[in-house]
Amino acid sequence: MELTKNITLGVYLPGETVIHRLDPRTKIIIASVLIILLLMIKSYPAYAVILTFLSAVIFMSGIPLSYALCGLKPMLPVLILMWVFQLFLYSNPDSKVIFSFWIFTATDSGMHMGNLISLRVIFLFTVTTILTLTTSMVSLTDGLESLLNPLRKFGLPIQELVMTMVIALRFVLILAEELDKIVKAQMARGVAFDRGNFIQKTKKLFPVFLPLFINAFKRAEELIVAMEARSYTGGKGRTKMKTLQMSRVDLGAGFVMLIFSAIVVLLIITIKPQI
Amino acid sequence: MPIEIKNLCHSYKKGTPFEKKVLHNVDLIINDGEFVGLIGSTQSGKTTLAQHFNALIIPQNGKVIINGCNTADKNAELIKLRQNVGYVFQNPDYQLFASTVGEDIAFGPKNQKLSPGEVNSRVLEAMEQVGLDYNTFYERDIFALSGGQKRRVAIAGVLACHPQILILDDVTAGLDPKGREEILTVIRKLHFEYMITIIFISNSMDEVARLVERIVVLDQGNIIIDGATRDIFNQAARLGDIGLELPEVMDITTKLRNKGFNLPQAVINIDEAIESISADLLERQVGD
Ligand SMILES: Nc1ncnc2c1ncn2[C@@H]1O[C@H](COP(=O)(O)OP(=O)(O)OP(=O)(O)O)[C@@H](O)[C@H]1O
Ligand SMILES: [Mg+2]
């Protein structure tokens with residue numbers, strides 16, 4: 001049992017591919033467009049287009065497919081549960097019944113709803129994972145800051161917000177590593193996490209989550225001290241070691257994205273939604 | 001409860017781009033009643049190896065057999081096994097969670113479903129074993145403890161489960177000299193008075209030389225030396241080759257030997273050093 005193995009969100013996998021070398025702003029914009037498209041899609045053909053696009057990106061980034069997708073593994077039970085809920089609970093007036101038992105009826109529109117929602121979650125997750133896998137923490141920070149900079153006019157502390165967000169993303173893995181150790185430490189004292197009824201199981205979480213939270217606070221405090229010791233005072237007057245520079249590759253990537261988005265939008269408009 | 005390890009390999013994050021091979025074909029047998037030091041530089045895989053001893057890690061390759069029971073076996077009683085092989089973690093913060101000392105130590109016995117009376121007597125006994133006074137510390141807030149006291153509570157928390165084998169993972173790291181001595185005294189007592197088999201993990205030669213009877217040296221996931229403490233220090237040159245520092249006492253006696261003192265090879269603790277140096281001095285006086 002290794003909890004950290006399947007955590008890919010917030011992990012950076014260094015590399016030298018085109019995708020790695022793209023300007024972080026390009027990647028963030030592409031990811032955002034994809035996310036928006038994903039939220040609008042209601043039919044399978046449009047998903048097929050996105051699937052093609054993402055497959056190409058994964059292939060070019062040199063990330064093993066199994067690794068790009070293994071982050072989904074821990075989510076599988078939730079996805080299945082969601083799918084089952086949709087299958088039985090969603091229906092519209094002209095849906096056909098597939099089968100029924102007791103008080104439950106499964107309809108075809110429910111099944112489609114389940115499929116589409118599951119696909120949406122899977123794709124949203126994959127997009128963000130690919131973004132963090134191919135972008136280092138520094139680039140991600142710089143890119144986000146640069147893109148959100150205009151909002152500073154409204155008095156938003158952009159640099160601080162971005163810093164907080166990126167650190168939070170990095171903490172996903174760190175906390176998982178801590179969780180791994182704490183679970184082991186309590187198992188060593190005879191906790192059987194898989195035994196007992198619901199209340200007993202819930203009670204067993206205390207010895208895990210209490211140290212986790214305490215250690216997280218400790219770590220946060222240490223991080224603050226470490227940052228302040230190196231004179232971090234927030235965004236004001238901070239300069240960059242590397243300035244971001246768009247290149248031809250970014251232009252190309254933007255162009256490809258544009259074509260793909262156009263196709264997807266076209267499909268969204270023309271095809272009758274499955275649900 | 002002998003521990004038998006055959007051809008053990010382990011990789012973290014197996015099957016991902018971050019895969020890291022940590023143990024390479026390790027063979028090891030630990031018998032009842034031994035007092036073993038497992039040492040190696042940081043990241044050499046000590047913790048990973050030791051977590052196989054109580055089935056916190058199930059072998060990916062090779063076998064771990066504890067008291068005749070293969071930990072990879074589907075119907076192995078791992079919970080029972082972990083009661084018998086106690087593991088004190090490198091960092092007590094991962095283990096301590098309750099608000100008071102007594103409550104935390106009682107956690108293990110409660111998991112064994114003992115009656116409240118039994119739990120209480122276990123706590124009392126464990127606190128005594130590690131030298132924490134029951135009346136002073138039972139109600140004490142865990143966060144108000146010093147580093148050394150926290151370690152002792154962590155050890156007591158594991159002792160209260162009544163293990164036959166106790167694994168102590170770097171329990172002296174980050175302690176001041178006084179706290180360190182106190183812990184070492186406790187460990188000696190556990191072995192010699194309470195007859196618990198002890199596996200003491202450390203990266204300090206000094207400590208291990210003074211404490212244990214057998215030393216296992218791990219280097220980058222391979223066991224490179226395994227033998228009785230004194231035999232090992234007789235091959236001092238070899239230890240230097242793999243970059244392990246020798247105990248300070250040996251350092252000094254080697255220097256003295258080079259200056260013409262007649263001292264034995266493996267002087268591993270201060271008492272022995274005093275004895276052999278004064279013997280040599282006495283001999284010289286007689287010679288004059
Ligand atoms: N949960 C984990 N996930 C991934 N890698 C790990 C994990 N735990 C340990 N490692 C890696 O395995 C290697 C061996 O670690 P291990 O903790 O066994 O060494 P150690 O000898 O106990 O070191 P130390 O003296 O620092 O405690 C290290 O390189 C470490 O980075
Ligand atoms: Mg360790």
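Those protein sequences? They're chains A and B, same order as listed.
The first sequence begins at 1 in our numbering and counts up by one.
The second sequence begins at 1 in our numbering and counts up by one.
Even glycine gets a Cβ: it sits at the ideal position worked out from N, Cα and C.
Scanning its chain for C-beta atoms nearer than 6 Å, with the 5 sequence neighbours on each side dropped, one finds around Val-264/A the residues Leu-37, Ala-46 and Val-49, in chain order. Arg-219/A sits close to Ile-174/A, with the two beta carbons spaced by under 9 Å. Counting only runs of 3+ residues, the beta strand (DSSP E) found wholly inside the stretch 74-126 of chain A occupies 97-101 and 104-107, in chain order. Of all residues in the stretch 177-194 of chain A, only Glu-178, Lys-181, Ile-182, Lys-184, Ala-185, Gln-186, Met-187, Ala-188, Arg-189, Gly-190, Val-191 and Ala-192 come within less than 8 Å of chain B when Cβ atoms are compared, listed by chain position. The stretch 46-63 of chain B makes contact with the stretch 82-93 of chain B: 3 or more CB pairs, one atom from each, lie closer than 8 Å. Excluding the 5 residues flanking it on each side, Val-208/A has same chain C-beta neighbours closer than 8 Å at Leu-179, Ile-182, Val-183 and Gln-186, in chain order. The beta carbon of Met-111/A lies closer than 8 Å to those of Gln-86, Leu-87 and Ile-98 in the same chain, with the five residues before and after it left out. In the three-state scheme derived from DSSP, where H, G and I count as helix and E and B as strand, Leu-161/A is classed as helix.
In this structure, DSSP gives Cys-161/B a state outside helix and strand, which the three-state scheme calls coil. Taken from the Cβ of Asp-206/B, every heavy atom of ligand 1 lies 8 Å or farther away.
Of the heavy atoms belonging to ligand 1, at least one sits nearer than 8 Å to the Cβ of Asp-169/B.
A check of alpha carbon separations from Ile-269/A across Val-11/A, Ile-41/A and Ser-66/A identifies Ile-41/A as the nearest. Counting along the chain, Ala-216/A sits inside the alpha helix (DSSP H) bounded by residues 206-229. Interface flag for Pro-74/A against chain B is unset, since no Cβ pair is found closer than 9 Å.
Counting only runs of 4 or more residues that sit fully inside the stretch 5-55 of chain A, the alpha helix (DSSP H) segments are 18-21 and 24-40, in chain order. Shown here for Val-127/A: same chain residues with a beta carbon closer than 8 Å to its own, the five before and five after excluded, namely Ala-31, Leu-34, Ile-35, Leu-38 and Leu-54 in chain order.
Annotated as proximal: Lys-242/A and Asp-142/A, with beta-carbon spacing under 9 Å.
Selection Gly-15/B, Ile-5/B, Phe-18/B and Gly-45/B evaluated against Gly-221/B yields Gly-45/B as nearest (Cα-Cα). Under the three-state reduction of DSSP, Asp-32/B is assigned to coil, being neither helix nor strand.
Of the other Cβ atoms in all chains shown, fewer than 16 fall within 10 Å of the Cβ of Asp-231/B; this residue is therefore exposed.
Between ligand 2 and the CB of Thr-172/B, the shortest heavy atom gap is not smaller than 8 Å. Identification of residues in the stretch 11-34 of chain A having a C-beta nearer than 7 Å to some C-beta of chain B yields Leu-13, given in sequence order. When C-beta distances to chain A are compared with 9 Å, the residues of the stretch 4-18 of chain B below that value are Tyr-12, Lys-13, Lys-14, Gly-15, Thr-16, Pro-17 and Phe-18, in chain order. A straight line joining the alpha-carbon of Ala-154/B with that of Leu-133/A spans about 38 Å. DSSP places Asn-149/A in no beta strand (DSSP E); its state is neither H nor E. The beta-bridge partner set that DSSP reports for Cys-69/B consists of Ile-66/B. Annotation: the continuous alpha helix (DSSP H) that includes Gly-252/A extends over 248-270.
Not one beta carbon of chain A lies nearer than 9 Å to the beta carbon of Tyr-134/B. In this structure, DSSP gives Leu-72/A a state outside helix and strand, which the three-state scheme calls coil. Shown here, Tyr-87/B sits in a strand according to DSSP, grouped into three states. In chain order, Gly-114 and Ser-118 place their CB closer than 6 Å to the CB of Trp-83/A, counting only its own chain and leaving out the 5 sequence neighbours on each side. For Tyr-12/B, the enclosing beta strand (DSSP E) begins and ends at 3-12. At least one heavy atom of ligand 1 sits closer than 8 Å to the Cβ of Glu-2/A. When the five nearest sequence neighbours on each side are left out, the beta carbons in the same chain lying within less than 7 Å of the beta carbon of Cys-70/A are those of Asn-6 and Thr-8, in order along the chain. Asp-194/A sits in coil when the DSSP states are folded into three classes, being neither helix nor strand. For the stretch 210-222 of chain A, the residues whose beta carbon sits under 8 Å from a beta carbon of chain B are, in order, Leu-210, Pro-211, Ile-214, Asn-215 and Lys-218.
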